[in-house]
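One point on numbering: in my numbering, the residue at position 78 of the sequence shown is 123, and numbering is uninterrupted. Notes to accompany the following structure.
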Amino acid sequence: MNKQLSRFIINFAKCGIAGWCLEILFTSAESVAAGDMRLMGRTSLLMFPIYGLGVFLGPICRRLDQWLGDEGVLRSRDRFWRHGINDMVLIFTTEYLAGSFLRGAGICPWDYTGRVMNIDGLIRLDFAPFWFLTGLLFEWLTLVKKS
């Protein structure tokens, strides 16, 4: 197996596992908010490949930086905001498309119907800050270290 494919598989797994962990932590906090002190978190095996797609966030944002002529000259603060917003939009788009596909197959593990700021029960706009930060986390986890 070549080095590039190996790195892709490892980074896909990092994003998939990190996403699972974040979802379990988030749903555990929701259980406390609902009065269940057992801290029961949950996720679905179906979420692993969806979170694994986070492997593409860094390359997409870096390609955008190149396209805008900012590669290597963008200040850290500006990169934080640009990449965070782009990551958030890409995650919302992926969540909506994946949710639509899974709902059509009758196996969507989430349904936000009746929740605040939901769109078609598939995404919640009030999750924007979480997706902003999750995207940046996925970029950091998959960053190619120069040695």
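Beta carbons are placed, not taken as given, at the ideal position from N, Cα and C, and that holds for glycine. Owing to the predicted nature of the structure, the values given are computational and were not obtained by experimental measurement.
Val100 and Asn131 do not touch by the CB rule: their CB atoms are close to 15 Å apart, not below 8 Å.
In this structure Met133 is buried. Its beta-carbon is surrounded by 16 or more other beta-carbon atoms within 10 angstroms. Taking C-beta atoms under 8 Å as the contact rule, Ile136 and Trp185 fail to qualify, at a distance of about 15 Å. Under the criterion of beta carbons closer than 8 Å, Ala143 and Ile95 qualify as touching, at roughly 5 Å. At least 7 Å separates the beta-carbon of Thr138 from that of Leu98.
Per DSSP, Ile136 is one residue of the alpha helix (DSSP H) stretching across Ser121 to Gly149. Asn163 has Arg169 as its beta-bridge partners, per DSSP.
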